[in-house]
Amino acid sequence: MLKRPRSSLVLKRHGSRLVVLPHDVVELILERLAVKSLLRFKSVCKKWESTIESQRFKERQLIRSRGPDVIFFTWNDIKDEAQSRRIVSLGSSIIRLVKFPVSNTMICHGSCDGLICLFCNHSASFVVNPATGWHQSFPLSNVQKLLSNMYKRREKHARCLQLGFGKDKFKGTYKPVLLCNSSEYGLANATTCEVFDFTTNSWRYVLPASPYRIFHWNQKPVYFDGSLYWLTEGEEETKVISFDLHTETFQVICKAPFPHAPYRFGVLSVILCILDNRLCVTQQNWPTQMIWSLGSNKTWKILCSIDLTSDFYFPFSSQFETILPLAILEKKKLLLGRDGMQPLVIHDLHTKSNDTVFIPRHNGYPVSYFQSLFSVSSN
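Per UniProt numbering, the sequence shown starts with residue 1, numbered consecutively.
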């Protein structure tokens, strides 16, 4: 007598055969679906719910996630219902408009496992997952409290603090990080560093902090492969420093591909970014903007050179502000943007042509991310 294979189940219903797929095959199908669909499918049965909520499944889903997608966070109320549902498709990627949950909010550059960090120097900050709607707040750091008190007392203006957000890739824990130049806040040493611990819901100082001062005005640190990165300032050549989120130590990675990172009309002309899973840096020197990528041997390679006098459509202060590289789509399309009411533009790396793909009607800030099921508590 032939035995039925254990790997699948065959049911009879109304005289027909209904094959139920093995669960490992079901998992392979599920991990290719959009997050919105997965959230609905959790209610199918307890086994599916357990699978979708497992750490292993979340990691595999993120690897297969389409995208990257782009969210344009705005500070303004979106009164037009059509605008609030507005989605622009770019191949496998989408762009959508979202309102900041609180006013006076800033945003960390880039994302980590589909999580985005929104912060404010006067009130609680948030980590959010735009795909699932999950969010969690965390309090001001010690230096942020100091800055807030300086504003309240109307003391000498201190530069705005910029947070970084990333993950200890060995323990899987997420960490907001604040690094600032100490002298601007009346503190000792070259820099001051604080790390937030979600398990204790508290900030703690990291000692020693970076021995090098960082470009502080308008520089947003970026996260890549377990570390956060900044550019240094000073009389010497500009360096790239990293903060390992596992060991919580700083080190110099390499020199920047340019001798100095100048300010133009009070705005830093260089930006660190992540493109095609590589650490990159871009510098605007009108009428050209260069982008370099860092190789595994810690040497810089020119990714592209953009002619800003061509058919670009960045109407405000285009000669003074560096354009933000957001993502590379389909291996050849570089998505560029800026904060404010600036458009999002596709720059074709092969043909050098430009195409405006999104014109916001509200002030805001674009950020790229991959849709995921992660939350801080999932690790």
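Even for Gly, the Cβ is constructed at its ideal location relative to N, Cα and C.
Beta carbon of L324, beta carbon of I271: below 9 Å?
yes
What did DSSP end up calling residue 455 once you bin it into helix, strand or coil?
The chain is shown only over 1 to 379; residue 455 falls outside these bounds and no answer can be derived.
Quick one: Cα of V252 to Cα of K239, how far?
7 Å
Based on the DSSP secondary-structure assignment, which residues constitute the bridge partners of K239?
K255
Collapsed DSSP secondary structure at S269 in the structure displayed
coil
Nearest-angstrom Cβ-Cβ length linking E237 and P259, presumed shorter than 8 Å:
5 Å
Collapsed DSSP secondary structure at R48 in the structure displayed
In the sequence as presented, Arg is not what sits at residue 48; that position holds Trp. W48: helix per DSSP, three-state reduction.
Going by other Cβ atoms of all chains shown within 10 Å of its Cβ, with 16 needed for buried, is L295 buried or exposed?
Inspection of the sequence shows that residue 295 is occupied by Gly rather than by Leu. G295 is exposed by the Cβ-count criterion.
Taking 8 Å as the threshold, find out whether the region 108 to 126 comes into contact with the region 139 to 150 through three or more Cβ pairs.
yes
Counting only the same chain and skipping the five closest in sequence on each side, list residues whose C-beta sits under 7 Å from that of V376.
V127, Q136, Y174, F198
Taking contact to mean at least 3 C-beta pairs separated by less than 8 Å, is the region 170 to 185 in contact with the region 207 to 227?
yes
E59 in three-state terms, based on DSSP
helix
Under 6 Å Cβ to Cβ from P360, same chain only, skipping five residues before and after it: list those, please.
F72, M341
Going by C-alpha to C-alpha distance, which of F370, K352, L349, V345 sits closest to F358?
V345
For residue 387, I'd like the list of residues in its chain whose CB is within less than 6 Å of its CB, leaving aside the five on either flank, ordered along the chain.
Nothing about residue 387 can be reported from this structure: the residues present for the chain run from 1 to 379 only.
Cα-Cα, which of M150, Y369, Y205, A256 is closest to N277?
Y369
For the beta strand (DSSP E) that contains V26, what are its first and last residues?
Run containing V26: none in the beta strand (DSSP E); it sits in the alpha helix (DSSP H), 23 to 30.
With 16 other Cβ atoms within 10 Å as the buried cut-off, status of R56
exposed
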